Structures are given as structure tokens and as C-alpha cells.
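For reference, the structure discussed in these notes is given below.
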Amino acid sequence: MRVAVFSTKPFDRRFLEESNSGFGHDLTFFEPRLTLETTSLAAGFPAVCVFVNDVLDEPVLERLAEGGTTAVALRCAGFNNVNLAAAERLGIKVVRVPAYSPHAVAEYTVGLMLTLNRKIHRAYNRVREGNFSLDGLLGFDLHGRTVGIVGTGQIGALVAGIMTGFGCRVLGYDLRPNPDCEKIGMKYTSLDELLSASDIISLHCPLIPETHHLIDAERISQMKKDVMLINTSRGAVIDTPAVIEGLKKGKIGSLGIDVYEEEAEYFFEDVSQRVIADDVLARLLTFPNVLVTGHQAFFTHEALEAIATTTLHNLQQIEATGRADNEVASRPSESKS
Ligand code: NAI
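Per the numbering used here, the sequence shown starts with residue 1, numbered consecutively.
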């Protein structure tokens, strides 16, 4: 199949080309993100391959359809950046990679917790400057603490398992409880109870209309003082200005985020020579108790291999049968992601 690959980084190209030797698709790589301005690059391609910050709203999908595109292959699990109703109306199939390495994201999530709690990022810089003082590096034992997991699917369940290993009490909130989590001792609660009882809250639900700004000022007010909040799901699950207020008031003790609502402008790029015009992001970067990373939780060898192979397999199925196992349903709240 002829495929226009957008948002190509050297690592995307490497893993897709290696995997494509077993598929034989005709891949053309473009570095820009897919936006209305770059849609013309896809003209004449039956398939486009995109990532988390490509734009697939109605105008872009209409332009793609006019150019003959009938398939969108997401190189990710989340599909919040696609207008699925418009895609269905235009006859464009949307496929994704539902599970490439939930371990990659779960392990990274716990890495954020450990780093923030024990201030390893600050110690690293300090020691390199010859400062071996422990002032300001005080953490707490994870053992015995309560961890609340919002969204107990593949990633949330793995985080729950790891935290159980640390000797934490693990609470879960999900619309569809996961029996595997209950087997390892997680207790399902209401969201209200999870928020008020947890020392650490970790978000692992998809971004869908129901979870947009799930963590807002009111929900923050329900949390314990000094709570640690971790988000490796999607940026807009939290209302970032409300979280900044929580940090300023000392309600939120620390924040670890790998995703940010307005990340498309900055993440995956080196903008070190530019001024950051986004005042919310710039403010976040000033807090000593906030750790921001640029959407790298998925970034392991195993995950990239699985993303490439599943993406090319999805396209092969679409080409052969017009359908694929990993098609995204048109009503997002009914989809598993
Ligand atoms: P999953 O589909 O296995 O699990 C999501 C869970 O959230 C499901 O159990 C679902 O029932 C639950 N859920 C849905 N609506 C909810 C609501 N309103 N409240 C509470 N729970 C709700 O998905 P998986 O693989 O665990 O991934 C979770 C999210 O992680 C993805 O949607 C994606 O946004 C994000 N992600 C981030 C990555 C990164 O690099 N930072 C990489 C991969 C995924």
C-alpha cells in the first residue's frame, strides 16, 4: 500500500523500514506534522500514517478524502486527535496500535514517582556541581502509602502490580473494573474516595469527552494535602491551570507529567533556541516539585518494534480485506483505549 508517513523522526523511519521488509508497503516519509497546511502532501496516497500530535479533525479528513485517502493508521493507542464521526462519514478507516508495550508506559510512570519522591533529578544536577548536601531532598517511604489508579486497563493494571510490589495499598477507579487488578489486591472505589484517600494519584484513562479535565479545581480540592499527581495518559485529562493553582497553594505536593494539553507545539521538537510562548507550560517548568517530560513514556526498543509491526499489519489487512482487527469504532466512548 502507498503510505504517507507524517511526523517522521529518525527512530520512526528506522523501525518502520526494518519491519517493512516483511510487508512490502511503499512508504514515503514526511517530517512535518499532519495539519490542514500539510494535508496536500498526502494527495494521492490511499493511506496516511500518523502519531499523537497530528491533526485529524473534520477539515483535514475532508481534504484527505478529496485526495483519495481511505485509511488512517495511528502509530499509537490513543485516538483523541481523530474526529471519528467525520472519518466514518467520509469512508476513512482508522486503525491504531492498541497495545504495543504497556510495560514501557507503566515502568516509566513508576520512574516518575520515584524520581519526584526522592528528588533524583535534583540530586543528579547538584552532585555534578560538587554539592553533596541533602537539604531539600527528603522523600517518603512508598511502603504503606496509598496509590490511586484512575483507569485500570492495560497500563493502569501494570502500575497497580508494581506498586503492590512496593507494599503500597492500591485503590482503583474505572467504569469497567478489571478482575486481574482485584486478584492482586486492588480495591475498587468511587472516584471521590480514591481522590480523598490517595497519597499518589496516577492517571491511565483515555482522553474522551467524559475524561476531559477530569482533574479540575473541584477534584483537586478533594485530594489529600501534599498529594503526588502523575499523568502519563493524555494532557487534557487534567485542567493544567487548576493544577498550577493547586501547586501554588501547596495542596499538590508534586506533579509528574509526560503529556500536556498543548504539547503539539513543543513536544518531540528541540525548541531550546526559542522563547516558550506558552505561559502555562513555562510556569510549570519553574516549580522545583514538578517534573515534565516530552511524551517519552512509550519510548522503548520493544514498543517501537511493536508499533511498527502492528501499524504495517493493520495496513496490510485494510488493503487485503477493507477491514482490520485494530479498527477504531466510530463512537469513542465504546472503544477500548
Ligand atoms: P486501556 O484501554 O487498556 O485502559 C484504559 C482504561 O480506562 C479502561 O479500563 C477504561 O475502562 C478506563 N476508562 C475509560 N473511561 C474512563 C473514565 N471516565 N474514568 C475512569 N476510567 C475510564 O488503555 P491503556 O493501554 O492502559 O492506555 C491508557 C492511556 O494511556 C491511553 O488511552 C493513552 O492515552 C495513554 N498512553 C500514553 C502513552 C505515553 O507515551 N505517555 C503511551 C501509550 C498510552
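From the three backbone atoms N, C-alpha and C, an ideal C-beta is built for every residue, glycine too.
Note that the structure is predicted; figures quoted are calculated from it, not measured.
Using CA atoms only, rank isn't needed, just tell me which of K249, E262, L284, H212 is closest to V227. Mapped onto the sequence shown, residue 227 falls at position 227. Selected option, being the one with the closest Cα: K249.
Any non-hydrogen atom of the ligand NAI closer than 7 angstroms to E210 Cβ: Residue mapping note: residue 210 aligns to position 210 of the sequence shown, counting from 1. Yes, Cβ of E210 sits closer than 7 angstroms to a heavy atom of the ligand NAI.
For D192 and Q222, believed in contact at Cβ under 8 angstroms, the rounded distance: Numbered from its first residue, the sequence shown carries residue 222 at position 222. Numbered from its first residue, the sequence shown carries residue 192 at position 192. Taking C-beta atoms under 8 angstroms as the contact rule, Q222 and D192 qualify, at a distance of about 6 angstroms.
Judging by CA-CA distance, which residue of T35, S21, H25, S19 is the nearest neighbour of S7? The sequence position of residue 7 within the sequence shown is 7, counting from 1. For the residues T35, S21, H25, S19, the minimum Cα distance to S7 belongs to T35.
Using 7 angstroms as the cut-off, classify the Cβ of V50 as near or not near the heavy atoms of the ligand NAI, replying yes or no. Here residue 50 corresponds to residue number 50 of the sequence shown, with the count starting at 1. Result no, Cβ not under 7 angstroms from the ligand NAI.
Please state if the CB of L112 and the CB of G256 are separated by a distance shorter than 8 angstroms. Here residue 256 corresponds to residue number 256 of the sequence shown, with the count starting at 1. Here residue 112 corresponds to residue number 112 of the sequence shown, with the count starting at 1. Taking 8 angstroms as the Cβ cut-off, G256 and L112 qualify as a contacting pair.
Count the other C-beta atoms from every protein chain shown that fall within 10 angstroms of the C-beta of N80, then say buried if there are 16 or more, exposed otherwise. Within the sequence shown, residue 80 is the residue found at index 80, counting from 1. Result: buried.
Please report the distance separating the alpha-carbon of T293 from that of S202. The residue labelled residue 293 in the question sits at position 293 within the sequence shown. The residue labelled residue 202 in the question sits at position 202 within the sequence shown. Looking at the two C-alpha atoms, the distance is approximately 15 angstroms.
Any non-hydrogen atom of the ligand NAI within 7 angstroms of H121 CB: On the sequence shown, residue 121 is found 121 positions in, with the first residue counted as 1. The answer is no for H121.
Member of G167, F51, I200 whose CA lies at the smallest distance from the CA of C76: Walking along the sequence shown from the start, residue 76 turns up at place 76. Checked all of G167, F51, I200; the closest Cα to C76 is F51.
Answer with buried or exposed for L116, where buried requires no fewer than 16 other C-beta atoms within 10 angstroms of its C-beta. As a working mapping, residue 116 is identified with position 116 in the sequence shown. L116 comes out buried.
Would you say Y229 and A197 are within 8 angstroms of each other, going by their C-beta atoms? Stepping through the sequence shown from its first residue, residue 229 is reached at position 229. Stepping through the sequence shown from its first residue, residue 197 is reached at position 197. Position check: residue 229 holds Leu in this sequence, whereas Tyr was assumed. Against a cut-off of 8 angstroms, the Cβ pair of A197 and L229 comes out as no contact.
Restricting to Cα atoms, I'd like to know which of S254, K251, L281 is closest to A264. As a working mapping, residue 264 is identified with position 264 in the sequence shown. When only C-alpha atoms are compared, the closest one is L281.
Short of 7 angstroms in beta carbon distance, which residues of its chain neighbour A242, apart from the five on each side in sequence? Order them along the chain. On the sequence shown, position 242 is the one that residue 242 refers to. Result list for A242: D216, A217, I220, in chain order.
Within 8 angstroms, strictly: CB atoms of A47 and A73: Your numbering for residue 47 matches position 47 in the sequence shown. Your numbering for residue 73 matches position 73 in the sequence shown. Yes, the pair counts as a contact, with Cβ atoms nearer than the cut-off.
If you run the structure through DSSP and keep just helix, strand and coil, what is M223? Position 223 of the sequence shown holds residue 223. Coil, per DSSP.
So the candidates are R176, I162, L56, V328; which of them puts its Cα closest to the Cα of G185? Position 185 of the sequence shown, counted from the first residue, corresponds to residue 185. The shortest Cα separation from G185 among R176, I162, L56, V328 belongs to I162.
Does the segment 83–103 come into contact with the segment 51–65, if we say contact requires no fewer than three beta-carbon pairs (one atom in each stretch) closer than 8 angstroms? Enough Cβ pairs lie closer than 8 angstroms, so yes.
Cross-strand partners of S202 (DSSP beta bridge): What you label residue 202 is simply residue 202 of the sequence shown in a count that begins at 1. DSSP lists I149, I230 as partners of S202.
Under 7 angstroms from any heavy atom of the ligand NAI, does the C-beta of R75 make it? Here residue 75 is taken as the residue at index 75 of the sequence shown, counted from 1. No; taking the cut-off as 7 angstroms, the Cβ of R75 has no heavy atom of the ligand NAI nearer than that.
Just to confirm, are A308 and L16 a CB contact at a threshold of 8 angstroms? For the purposes of this step, residue 308 is taken as the residue at position 308 of the sequence shown. For the purposes of this step, residue 16 is taken as the residue at position 16 of the sequence shown. A contact, by the Cβ cut-off of 8 angstroms.
For A106, count the other beta carbons within 10 Å of its own beta carbon; 16 or more makes it buried, fewer makes it exposed. Which is it? Residue mapping note: residue 106 aligns to position 106 of the sequence shown, counting from 1. That one is buried.
From which residue to which residue does the beta strand (DSSP E) around K249 run? Here the question's residue 249 lines up with position 249 in the sequence shown. Looking at the DSSP string, K249 is not in any beta strand (DSSP E), and its letter there is neither H nor E.
Rounded to the nearest angstrom, what separates L214 and G24 at their Cα positions? Position 214 of the sequence shown, counting from 1, holds the residue named residue 214. Position 24 of the sequence shown, counting from 1, holds the residue named residue 24. If you take the alpha carbons of L214 and G24, they lie about 43 angstroms apart.
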